[in-house]
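Just below is one structure, and these are the notes that go with it.
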């Protein structure tokens with residue numbers, strides 16, 4: 001298993017430049033009343049204004065953009081019933097990579113529809129997330145796709 005290292009400031013700058021081409025710049029606001037109540041300087045980064053309504057798209061873009069063209073062509077697979085699945089689907093579309101999202105049966109139809117609209121293949125599997133994740137890992141192994149946890 002590869003050793004994980006903390007990102008450097010250059011890594012952060014590179015991720016910002018890459019992501020900036022595919023996402024919105026969201027507002028950062030200071031909240032004086034909260035600052036006073038908490039006796040701290042409170043700022044909120046409003047990622048709820050992001051394209052998919054979540055910060056998770058940043059991670060999806062960063063991951064897919066750093067994957068080699070050869071590995072991108074193999075595609076990505078993950079298990080999700082929400083924002084994570086949308087982020088991987090969005091990033092895969094942005095970088096022209098195949099994408100499969102495994103969702104538990106009975107998942108939110110709005111989220112499923114959004115993932116489909118982003119071009120991902122949907123597979124409904126299992127009654128709980130753990131079964132969906134297991135299926136996604138099997139697909140990654142059997143079809144040579146990259147599993148995104």
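Numbering (the UniProt record's numbering), first residue to last: 1 to 149. Even glycine gets a Cβ: it sits at the ideal position worked out from N, Cα and C.
Residues 79, 102, 103, 104, 125, 126 of the same chain have their beta carbon placed closer than 7 angstroms to that of residue 132, with the five preceding and five following residues left out of the count.
In terms of Cβ geometry, residue 136 and residue 77 form a close pair [threshold 7 angstroms].
Bounds of the alpha helix (DSSP H) holding residue 34 are 32-38. With contacts defined by Cβ atoms closer than 7 angstroms, residue 85 and residue 115 form a contacting pair. According to DSSP, residue pairing for residue 45 in a beta bridge involves 28. Distance between residue 21 and residue 139, taken at the CA atoms: about 30 angstroms.
Here residue 100 is buried. Its C-beta has 16 or more other C-beta atoms within 10 Å.
In the DSSP assignment, residue 121 falls within the unbroken beta strand (DSSP E) covering 121-124.
Straight-line measurement puts the Cα of residue 83 at about 11 angstroms from the Cα of residue 108.
Around the beta carbon of residue 31, fewer than 16 other beta carbons lie within 10 angstroms, which makes this residue exposed.
The continuous beta strand (DSSP E) containing residue 101 extends over residues 99-103. Beta-bridge partners assigned by DSSP to residue 79: 102. The continuous stretches of alpha helix (DSSP H) do not include residue 128, and DSSP gives it neither H nor E.
In the DSSP assignment, residue 21 falls outside any alpha helix (DSSP H), carrying neither H nor E. Distance from the Cα of residue 117 is smallest, within the candidate group 146, 87, 25, for 87.
By the beta-carbon neighbour count (other beta carbons within 10 angstroms, threshold 16), residue 17 is exposed.
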